[in-house]
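Heads up: the sequence shown is residues 945 to 1073, going by our numbering.
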Amino acid sequence: METPYQYIQKLFDGGLIDMVVHETNLYSTQTTGKSINTNNAEIKTFIGIFVLMGVMQVPAYRDYWSNGCRISSVADHMTMRRFEQLRRYIHFCNNDTLDNADKFTKVRPLLEHIRTNLQTIEQEGGVLY
């Protein structure tokens, strides 16, 4: 297999990022009347920050930007205010087309896209652990 970065790129490919950008901008417009105006590069950064937060844990997420505990690999790439905005509006589906019978309806498009990508990766590189 490739590097961890290349693996994550295959999981979160362009199609998935496009979908997240579209649904996030749509949701922010639906709730506030104004788009958050995110883009592919920013969503990739946002996902990267979440991956990094899983590895480099601090007591509270705001600590990544605080003077006493600042993590430059997070704070240098996105302001805390923007991170909080994206965290508030991040969306994976259109709320107007929810299937209330599906408990995972709000994340179903994300799960399906990742499942498809995992199947592709497994076919290319062998068994996943």
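Yeah, the Cβ is synthetic: ideal placement off N, Cα and C, and Gly gets one too.
Remember, predicted model here, so these are calculated numbers, not experimental data.
With DSSP collapsed to three states, give me the class of residue i.
| i | result |
| --- | --- |
| threonine 989 | helix |
| methionine 963 | helix |
| leucine 1042 | coil |
| phenylalanine 994 | helix |
| methionine 1024 | helix |
| glutamate 1056 | helix |
| arginine 1006 | helix |
| lysine 1082 | Outside the displayed range of the chain (945 to 1073) lies residue 1082, so it cannot be described from this structure. |
| serine 979 | coil |
| arginine 1031 | helix |
Apply the 10 Å Cβ neighbour rule to residue i and answer buried if 16 or more other Cβ atoms are within range, or exposed otherwise.
| i | result |
| --- | --- |
| methionine 1013 | It is worth fixing the name first, because residue 1013 is cysteine in this sequence and not methionine. By the neighbour-count rule (16 or more Cβ atoms within 10 Å), cysteine 1013 is not buried but exposed. |
| threonine 975 | exposed |
| histidine 966 | exposed |
| tyrosine 1008 | buried |
Kindly give me the distance between the Cβ atoms of residue i and residue j, rounded to whole angstroms, as I take these residues to be in contact under 8 Å.
| i | j | result |
| --- | --- | --- |
| isoleucine 1034 | lysine 954 | With a Cβ gap of about 21 Å, isoleucine 1034 and lysine 954 do not count as contacting. |
| isoleucine 993 | methionine 1022 | 6 Å |
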